[in-house]
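Enquirer: Handing you a structure now.
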Amino acid sequence: MIQFLFSRLASALFVIFGVTCLVFLLLHMVPGDPVEVMLGESSQPADREALRRALGLDQPLLTQFGQYLGNLAQLDLGKSLYSQRPIVDMLLERIPATAQLAVSALIVAVLIAFPLGVLAAVKKGSHWDQSAMGVSLIGVSIPNFLMGPILILVFSLWLGWFPVSGRDGFVSLVLPALTLGTAMAAILSRMVRATLLETLNEDYIRTARAKGLSERLVVWRHAMRNALLPVITLLGLQLGVLLGGAVITEVVFSWPGLGQLTIESIQRRDYPVVQACVLLISLTYVVVNTLTDLVYGWLDPRVRLEGGR
Amino acid sequence: MPRLLIFLLALLVVGPALLGCSKPETDALRFGISSAPINLDPRFATDAASSRINRLLYQRLVDFDDAYLAKPALASWQALTPVHYRFQLINQQPEFHDGAALTTADIKATYDSVLDPDTASPHLAGFNMIDAIEIIDDRSIDFHLNKPDPLFPGRLVIGIMPAKLLVTDHPFNRHPIGSGPFQFVDWPEEGRLQLQRLNDKQTFEFIAVKNPTVRVLKLLRGEIDMLQNNLPSELVGYLAEQEEINLIKSPGSSFTYLGFNMQDEDTGNLNLRRAIAYALDRDAIIKYVMGDAATPANALLPPDHWAGNSDLLPYLHDPDKARLLLKQAGYVDGKRAQIIYKTSSDPFRIRLATVIQQQLSEVGIDVDLRSYDWGTFYGDIKAGRFQMFSLSWVGIKTPDIFRYVFHSEYIPPNGANRGHYSDIQADELIDAAEAELTLPQQAKYYAQLQAHLLQQLPYVPLWYEDHLFAARKEINGYTLARDGNYDGVIHVRRD
Numbered sequence: 002m003i004q005f006l007f008s009r010l011a012s013a014l015f016v017i018f019g020v021t022c023l024v025f026l027l028l029h030m031v032p033g034d035p036v037e038v039m040l041g042e043s044s045q046p047a048d049r050e051a052l053r054r055a056l057g058l059d060q061p062l063l064t065q066f067g068q069y070l071g072n073l074a075q076l077d078l079g080k081s082l083y084s085q086r087p088i089v090d091m092l093l094e095r096i097p098a099t100a101q102l103a104v105s106a107l108i109v110a111v112l113i114a115f116p117l118g119v120l121a122a123v124k125k126g127s128h129w130d131q132s133a134m135g136v137s138l139i140g141v142s143i144p145n146f147l148m149g150p151i152l153i154l155v156f157s158l159w160l161g162w163f164p165v166s167g168r169d170g171f172v173s174l175v176l177p178a179l180t181l182g183t184a185m186a187a188i189l190s191r192m193v194r195a196t197l198l199e200t201l202n203e204d205y206i207r208t209a210r211a212k213g214l215s216e217r218l219v220v221w222r223h224a225m226r227n228a229l230l231p232v233i234t235l236l237g238l239q240l241g242v243l244l245g246g247a248v249i250t251e252v253v254f255s256w257p258g259l260g261q262l263t264i265e266s267i268q269r270r271d272y273p274v275v276q277a278c279v280l281l282i283s284l285t286y287v288v289v290n291t292l293t294d295l296v297y298g299w300l301d302p303r304v305r306l307e308g309g310r
Numbered sequence: 081m082p083r084l085l086i087f088l089l090a091l092l093v094v095g096p097a098l099l100g101c102s103k104p105e106t107d108a109l110r111f112g113i114s115s116a117p118i119n120l121d122p123r124f125a126t127d128a129a130s131s132r133i134n135r136l137l138y139q140r141l142v143d144f145d146d147a148y149l150a151k152p153a154l155a156s157w158q159a160l161t162p163v164h165y166r167f168q169l170i171n172q173q174p175e176f177h178d179g180a181a182l183t184t185a186d187i188k189a190t191y192d193s194v195l196d197p198d199t200a201s202p203h204l205a206g207f208n209m210i211d212a213i214e215i216i217d218d219r220s221i222d223f224h225l226n227k228p229d230p231l232f233p234g235r236l237v238i239g240i241m242p243a244k245l246l247v248t249d250h251p252f253n254r255h256p257i258g259s260g261p262f263q264f265v266d267w268p269e270e271g272r273l274q275l276q277r278l279n280d281k282q283t284f285e286f287i288a289v290k291n292p293t294v295r296v297l298k299l300l301r302g303e304i305d306m307l308q309n310n311l312p313s314e315l316v317g318y319l320a321e322q323e324e325i326n327l328i329k330s331p332g333s334s335f336t337y338l339g340f341n342m343q344d345e346d347t348g349n350l351n352l353r354r355a356i357a358y359a360l361d362r363d364a365i366i367k368y369v370m371g372d373a374a375t376p377a378n379a380l381l382p383p384d385h386w387a388g389n390s391d392l393l394p395y396l397h398d399p400d401k402a403r404l405l406l407k408q409a410g411y412v413d414g415k416r417a418q419i420i421y422k423t424s425s426d427p428f429r430i431r432l433a434t435v436i437q438q439q440l441s442e443v444g445i446d447v448d449l450r451s452y453d454w455g456t457f458y459g460d461i462k463a464g465r466f467q468m469f470s471l472s473w474v475g476i477k478t479p480d481i482f483r484y485v486f487h488s489e490y491i492p493p494n495g496a497n498r499g500h501y502s503d504i505q506a507d508e509l510i511d512a513a514e515a516e517l518t519l520p521q522q523a524k525y526y527a528q529l530q531a532h533l534l535q536q537l538p539y540v541p542l543w544y545e546d547h548l549f550a551a552r553k554e555i556n557g558y559t560l561a562r563d564g565n566y567d568g569v570i571h572v573r574r575d
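First to last, the protein sequences are chains A and B.
With this note's numbering applied, the first sequence corresponds to residues 2 to 310, in that order.
With this note's numbering applied, the second sequence corresponds to residues 81 to 575, in that order.
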């Protein structure tokens, strides 16, 4: 297990370093100048030059990259070009909101997808199956930028149950979590149905039924455990996506998360903030994927045994 | 497995509470804005939202009247010589929000800080005419210039900051302390800024809601009390029909135009540019696309600006004249003009560009419309990689913009003459205007210059976009400013 963790850590460091280099270079290669964006159209050339010098943007790209890596090695993410605030503070402000939304959306997705997927698999070919998959098709077909405003219109404006947007208490979390969760649930429920169907055809399931176990136990205890592996992979990846910031949902609901910060920083060409955000997102992916692999071991002893050898 | 589901359900209910969500303010007046302020230090603020909030937090020496003439704010002034201005505090005892008196030492410290290259203020070059700042006494301060500048008082619009905090590197960007009508309360998260109006202790919350539809829905549901600008015309029309909403509109000064590359074989042809001007039906665009929320423009400065020209005659929609001019430009025997038109990827700008494309097509000009993300688009425009583009000038108050945009010495990187417009007469009029020592004399030359530019069309002027303010019925007393600032909140109230 320790050997496994070390190999993951080494590859993670390599991935993160690669992402860091790529993002730095790509950001500086795309057209657009942070100084121009900051000062606006009517700025004076001397102002632009002075600001470029003050921000260190007049240095050769390699020098800037070297400085950036040097600071990064000391865990110094630097300051925002725009607000002059330490980027760590900015990230720390956003992470709780993003984590809160990501976890809630994931829970909503699981709560919808598992019963729906199991129902569709157990009642395969019936109206239940068709209805469940129909609902999931609708869920996956409606993009979040449409789902968000529809939910706002119905539940905020007509029914008055939840606030339209913002992060003002628990109630404000419901609609964004539902928007994100339902889209994810649609994909997840199809995955649960497919893998469960496959598992239900296995010999050991027939054995379990022959032993006289109830259908509930067969499905939930025996079949589900094996059917979960690919679902967990998908969940891990989706959680990574969510923790990286669900940009559209965050914008629609004015949710002060990482996605909004990343997009706004890209638009302003606030290089250090974009770099820090992407670094954090890649780090999140690596951590979530490593955790997913560990959960594999917990769910399937065979994976653990292979890892131990 | 069902137990796992129950656990997840419980986590969904309890989790957010454990993670800590804040309760909303209920007695505050909530103002919906499209983008959050970024930096509340006036030495560094460059974005519109920060500048508008800073006007509420800090006082400036000088402000502008309706004709964009400089008027006293914190101080009145006297030009002792063309290079020597004396400013005198008007108010008997101005105070900062921490109770300290505002004196000329604070004014000097603020401007010294902006002028200090180590501060790296983006506004530094705007004050390169200042030679020295000299305190006469607690209430009088002199500015010595290195060259005459009749527009100088109007440049002193940086918010005054307390000298004693400037030396201690106080973080004004997040904890501003000024002497304006509002004081800072809290900034719990990026998109929620709380201020308090000093005269009645009314709390205000500025809430950033980027999506215009969501901003309107929040207004309808009462989650915000008011909002200003940045709404597409269909939402404006929708709001106008709502009983619980008051909508007010007032003329603005943001100038939208079509710009041309004067070095290009096609767009460098005056007859083609005139054909474009006559082919456009600006009134129809304003009425049907912009929801009547704009005023046709003939020049960069509005006609009621002190340096504006109210006698300019517009290019009225005349497709026949446009076709004739196209022929004169050399497009004969069924040959159609081909122009590449660049615009940003903003959906509203693309919609406007599509209408312009259609109108030009009707007279024989084929427009290849290309939209790009802002950074790429702006990069292309600055580098002169365009035939035709549309953009707006926002917040222009002084006529020195003409040198920056149309003088032949101000081709990038020296200025914003991006179309490489080079015209001896225009250069001479700009130089002559700036050589005059009085504003009325300058205005005379600028009026001539604007007539000349309208005739030569380095820009085809389109319109000045109106400002819009929508509020719930119980909100009263707000007045819209010409430049779209938020000063209306000084008097707004909930009845």
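All C-beta atoms in this analysis are idealised placements derived from N, C-alpha and C, irrespective of residue type, glycine included.
Taking its Cβ as the centre, do 16 or more other Cβ atoms sit within 10 Å of I365 of chain B, making it buried, or is it exposed?
Expert: With 16 or more other Cβ atoms within 10 Å, it is buried.
Enquirer: Which of the three DSSP states, helix, strand or coil, is assigned to V136 of chain A?
Expert: helix
Enquirer: When burial is assigned at 16 or more other CB atoms within 10 Å of the CB, is M30 of chain A buried or exposed?
Expert: Its Cβ having fewer than 16 others within 10 Å, M30 of chain A is exposed.
Enquirer: Taking just the CA atoms, how far does S173 of chain A sit from K103 of chain B?
Expert: Any reading at K103 of chain B must be qualified, since the residue scores a pLDDT of 40, below 50, and its modelled position is unreliable; the value itself is stated next. The alpha-carbon atoms of K103 of chain B and S173 of chain A are separated by roughly 10 Å.
Enquirer: Looking at P292 of chain B: is its Cβ nearer than 8 Å to the Cβ of N310 of chain B?
Expert: yes
Enquirer: Alpha carbon to alpha carbon, how far is V289 of chain B from V111 of chain A? Give it in angstroms, no decimals.
Expert: 30 Å
Enquirer: According to the Cβ coordinates, are A155 of chain B and F167 of chain B closer than 8 Å?
Expert: yes
Enquirer: Using a C-beta cutoff of 8 Å, does W299 of chain A count as contacting chain B?
Expert: W299 of chain A does not count as touching chain B.
Enquirer: Would you report the Cα separation of S157 of chain A and V296 of chain B, rounded to the nearest angstrom?
Expert: 12 Å
Enquirer: Threshold first: 4 residues or longer. Then list the alpha helix (DSSP H) segments lying entirely within the stretch 264 to 345 of chain B, N to C.
Expert: 292 to 301, 313 to 320
Enquirer: Please list, in chain order, the chain B residues whose beta carbon lies closer than 7 Å to that of Q85 of chain A.
Expert: N119, F124, N253
Enquirer: How do the stretch 250 to 260 of chain A and the stretch 86 to 102 of chain A stand: do at least 3 beta-carbon pairs fall below 8 Å, yes or no?
Expert: yes
Enquirer: Given that L204 of chain B touches chain A, what residues does it touch there, using C-beta distances under 8 Å?
Expert: A47, D48, A51
Enquirer: Hey, how far is the Cα of T21 of chain A from the Cα of L300 of chain A?
Expert: 34 Å
Enquirer: State whether the stretch 559 to 570 of chain B contacts the stretch 386 to 401 of chain B, with contact taken as three or more CB pairs (one from each stretch) at a distance under 8 Å.
Expert: no
Enquirer: Going by C-alpha distance, which of B:L432, B:F176, B:D146, B:H532 is nearest R450 of chain B?
Expert: The shortest C-alpha to C-alpha distance from R450 of chain B to any of B:L432, B:F176, B:D146, B:H532 is the one to B:L432.
Enquirer: In chain order, what residues of the same chain have a beta carbon less than 7 Å from the beta carbon of Y1 of chain A, not counting five sequence neighbours either side?
Expert: The structure shown does not extend to residue 1 of chain A, since chain A is modelled only from 2 through 310, so no value can be given for it.
Enquirer: How big is the Cα-Cα spacing for R310 of chain A and V289 of chain A?
Expert: Reliability of the predicted coordinates at R310 of chain A is poor, the pLDDT of 41 falling under 50, and no value is obtained from them.
Enquirer: Against Q75 of chain A, what residues of chain B qualify as contacts under a CB-to-CB distance less than 9 Å, listed in chain order?
Expert: Those do not exist, as Q75 of chain A stays about 22 Å from chain B at its closest Cβ, beyond 9 Å.
Enquirer: On the DSSP letters alone, give me the boundaries of the alpha helix (DSSP H) that T180 of chain A sits inside.
Expert: 172 to 201
Enquirer: Would DSSP call F18 of chain A helix, strand or coil?
Expert: DSSP, read as helix, strand or coil, puts F18 of chain A in helix.
Enquirer: Is the shortest distance between the beta-carbon of A200 of chain B and the beta-carbons of chain A less than 8 Å?
Expert: yes
Enquirer: Check whether chain A comes within 8 Å of V289 of chain B, counting only Cβ atoms and requiring the distance to be less than that.
Expert: yes
Enquirer: With H, G and I counted as helix, E and B as strand and the rest as coil, what does DSSP make of K125 of chain A?
Expert: K125 of chain A: coil per DSSP, three-state reduction.
Enquirer: Could you compute how far the alpha carbon of P46 of chain A sits from the alpha carbon of N494 of chain B?
Expert: 6 Å
Enquirer: Which residues mark the beginning and the end of the beta strand (DSSP E) in which T422 of chain B is found?
Expert: According to the sequence displayed, residue 422 of chain B carries Lys and not Thr. 417 to 424 is the span of the beta strand (DSSP E), which, as asked, contains K422 of chain B.
Enquirer: Would a check of beta-carbon distances place E203 of chain A closer than 8 Å to chain B?
Expert: no
Enquirer: In terms of residue numbering, what span does the alpha helix (DSSP H) encompassing E175 of chain B cover?
Expert: In the DSSP annotation of this structure, E175 of chain B is not part of any alpha helix (DSSP H), being labelled neither H nor E.
Enquirer: Using a Cβ-Cβ cut-off of 6 Å (strictly less than) and excluding sequence neighbours within five positions of V24 of chain A, which residues of its own chain qualify?
Expert: Q276, V279
Enquirer: Report the residues of the stretch 268 to 301 of chain B with a CB closer than 8 Å to any CB of chain A, ordered along the chain.
Expert: E269, E270, G271, R272, I287, A288, V289, K290, N291, T293, V294, L297, K298, L300, R301
Enquirer: So, is A189 of chain B buried or exposed, given that buried needs 16 or more other C-beta atoms within 10 angstroms?
Expert: buried
Enquirer: Can you say whether K125 of chain A is buried or exposed, counting buried as having 16 or more other CB atoms within 10 angstroms of its CB?
Expert: Note on K125 of chain A: under 16 other CB atoms within 10 angstroms of its CB, so exposed under the neighbour-count rule.
Enquirer: Give the C-beta separation of I213 of chain B and D192 of chain B to the nearest angstrom, bearing in mind that I take them to be a contact with Cβ-Cβ under 8 Å.
Expert: 7 Å
Enquirer: Are the C-beta atoms of P177 of chain A and some chain D residue less than 8 Å apart?
Expert: You won't find chain D in this structure, because its protein chains are A and B.
Enquirer: For M148 of chain A, report the span of its beta strand (DSSP E) as first-last.
Expert: Unbroken run through M148 of chain A is the alpha helix (DSSP H), 145 to 152; no beta strand (DSSP E).
Enquirer: Using 8 Å as the Cβ pair cut-off and three pairs as the minimum, do the stretch 232 to 239 of chain A and the stretch 269 to 276 of chain B touch?
Expert: Under the Cβ criterion (8 Å, minimum of three pairs), the stretch 232 to 239 of chain A does not count as touching the stretch 269 to 276 of chain B.
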